[in-house]
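First comes the structure, then the notes that go with it.
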Amino acid sequence: MLLPWRSVRWLVDPRWFSSAVSVSSLCFVPASVPISLEALEQLQSFVTQTKRLFVITGAGLSTESGIPDYRSEGVGLYARTDRRPIQHAEFLRSFKARQRYWARNYVGWPQFSSHRPNLAHLALRSWEALGKVHWLVTQNVDALHSKAGHQQLTELHGCAHRVVCLDCGSVSDRETLQARFAALNHGWAAEATGVAPDGDVFLSDEQVQQFQVPSCEGCRGMLKPEVTFFGDTVPRKTVNFVHQRLAESDGVLVVGSSLQVYSAYRFILAASENKIPIAILNIGPTRADHLSSLRISARCGESFTGASHRVKLLRCLSKHVAHKRRESTKRKEKMDAVPIGVGAVRLQDAFGNCTTNADSSQLAKLGAQAVQQGETQSPKPQVPKDVFRCNECGRSFLELAALVRHQQRDHALRKPHRCYVCGQEFALLSSLQLHKRSHATLQCQLCQRGFSCTASLTKHILQQHTAVPENQGLERVPLSGRLSLPPTPQTPSGVEKGTGQVLEAGW
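No gaps in the numbering here: position 373 of the sequence shown is 379 in the numbering used here, and each next residue is one more.
If you want it as structure tokens, here you go:
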């Protein structure tokens, strides 16, 4: 019995800008028992103990997104119908085969392109963000890993969202080709009777006969989806690249694949030869069960939901412990760098621990030597490498909280203190008071030189204008934005004749 392709529906989660899977999209997921707590702990332990995880995914990962696979019992393509996917040689030599393929693909493309990543895709993406996944290789052509945000990704069998010309090699977008299909087949209509794994649907031969297939816009060559059909081989360059990424890994996780296709099974053989641990998460038996150290038969979404939460929790705990260890090391280095006191010496035993049961005569002798050599100044502690630096002024801080306080205090947008002379604003009152010293509030009447305080002006008069008559040389400068003080009858003089004494200011 064929399942209608219109029965697949989606629930969009606006928080993740991706989709969760509705109940109706699980119709292509084979029957399985819920994952046990023991199996979940084993999966979590395998992932946390692996530092550079190599992941291989298959069609079983996308069944929870509403895309059927080939070999699942009861719901796969081979179990539901006697139809088989197109062969590479048949696509090349037969125009009718290409016409039938593109007609089915044209009808099924709107639904196929609307699929969204499920919880398993998002969990793998979060592991990559945590630095747990070293590389991911997928056999799927649905681009769901790219939609989830994966960066370290190899699409082993290509991607159905790209189209390549077999003559000139130009690559174009599948959405652009969809518009060309619609323009050539304006009056053509067909009704789908089922959905296939590669994005096409089931059509009758009568519906396909009138379908028009476009050619390459550049060279009029043959167009083909950039996927590896059955009977074709994966490029050797891609295989060598994946082998290099596998050699750099210390663990392999197979998700949703029976590994019946040799293109992915070869990497499991290579991992087994190199003694790399292998874990398999798939519903039903696989080709590499005898090579795996962990075998779990459960749905990918529910398995990754629990394991991902545990991995994130352990990751946060490990970061917290590492941060505390670094802080403890920094405090110990600072204590070791600073002497106990003047002439005192810090003694350590063979294990590096500070000792307090030292001989007093030895301490006195070492202290006297330190005083004689002049080692009374403590050495400067070394600045750790992982300091936090301010982008505004370049000042360094040992803690992030100190940097935040500095930026809020010294580089905040709000500056309530303002200089009434020049109008410059300051965040701190102390900065404003320091700035006021740059303005000359007093002026020598003889040489017009400015001074910030009476003492400076008086000293200037003593040194430069000793022959100045009494009550001359000192004058208050009126400030802009502030009322000037009227002159008082008791105007201070510079220096009393014959005495050399400074007279006091009268205001």
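Yeah, the Cβ is synthetic: ideal placement off N, Cα and C, and Gly gets one too.
I need the boundaries of the alpha helix (DSSP H) containing residue i, first residue and last residue.
i, result
"S299", "No alpha helix (DSSP H) contains S299, which DSSP labels as neither H nor E."
"F101", "F101 to S119"
"V245", "R242 to A253"
"I274", "Y268 to E279"
"T54", "L43 to Q55"
"V214", "D211 to V214"
"L438", "L435 to K442"
"L130", "L125 to A135"
"L265", "Unbroken run through L265: none, as it is neither H nor E."
"L159", "Taken as a continuous stretch (DSSP letters only), L159 belongs to no alpha helix (DSSP H), being part of the beta strand (DSSP E) at L159 to E161."
"S527", "With the chain covering only 7 through 513, there is no way to say anything about residue 527."
If I measure Cβ to Cβ from residue i and keep anything under 7 Å in the same chain, skipping five residues before and after, which residues do I get?
i, result
"F403", "V393, F394, L409 and H412"
"C425", "L438, H441 and K442"
"S298", "I284, A285 and I286"
"V214", "Q105, R106 and A109"
"R186", "P220"
"S68", "N146, D148 and L150"
Ends of the beta strand (DSSP E) at residue i?
i, result
"W141", "V139 to T144"
"E232", "L229 to V233"
"S176", "Per DSSP, S176 belongs to no beta strand (DSSP E) and is neither H nor E."
"G164", "G164 to C171"
"A285", "I284 to L287"
"G257", "G257 to V261"
"L59", "L59 to T63"
Going by DSSP, which residues form a beta bridge with residue i?
i, result
"G456", "Q449"
"R411", "None; R411 has no bridge partner."
"R395", "S402"
"H423", "F432"
"F236", "Q93"
Assign residue i to buried or exposed, taking buried as 16 or more other Cβ atoms, counted over all protein chains shown, within 10 Å of its Cβ.
i, result
"T239", "exposed"
"D355", "Any reading at D355 must be qualified, since the residue scores a pLDDT of 41, below 50, and its modelled position is unreliable; no value is offered."
"C171", "buried"
"Q158", "exposed"
"D148", "buried"
"P116", "exposed"
"E70", "buried"
"F235", "buried"
"S255", "buried"
"H167", "buried"
"T335", "exposed"
"H127", "buried"
"Q250", "exposed"
"H192", "exposed"
"T182", "exposed"
"Q430", "exposed"
"Y268", "exposed"
"D75", "buried"
"H156", "buried"
"L49", "buried"
"A188", "exposed"
"L125", "buried"
"W133", "buried"
"P40", "exposed"
"P241", "exposed"
State yes or no: is the C-beta of residue i nearer than 6 Å to some heavy atom of the ligand SAH?
i, result
"D238", "Within the structure as shown, the ligand SAH is missing, as the structure has no ligands at all."
Only counting the same chain, and skipping five residues up and downstream in sequence, which positions put a Cβ closer than 6 Å to that of residue i?
i, result
"A294", "L265 and I274"
"G257", "T56, L59 and P283"
"K138", "L59"
"C225", "D173 and C174"
"Q218", "L190 and N191"
Would you grab the beta carbon distance between residue i and residue j for me? Rounded to a whole angstrom, and I think it's under 8 Å.
i, j, result
"P306", "G66", "According to the sequence displayed, residue 306 carries Cys and not Pro. That pair is a contact at about 7 Å."
"I62", "S263", "6 Å"
"W141", "F60", "6 Å"
"A277", "L252", "6 Å"
"Q237", "Q145", "According to the sequence provided, residue 237 is Gly. The question's Gln does not apply to it. Not a contact, Cβ separation roughly 15 Å."
"H121", "V233", "Their Cβ separation, rounded to whole angstroms, is 16 Å, which puts H121 and V233 out of contact at 8 Å."
"A129", "F310", "4 Å"
"V143", "V261", "Contact flag wrong, Cβ pair sits at about 11 Å."
Of all the CB atoms in chain B, is at least one closer than 7 Å to the CB of residue i?
i, result
"A189", "Given the protein chain composition of this structure (a single chain), no chain B is represented."
Can you find the residues in the same chain that come closer than 8 Å, C-beta to C-beta, to residue i, ignoring five residues on each side of it along the sequence?
i, result
"C222", "C171, D173, C174, S176, M228 and L229"
"K391", "Low local confidence applies: a pLDDT of 49 at K391 is under 50, so the model's placement there is unreliable, and no value is given."
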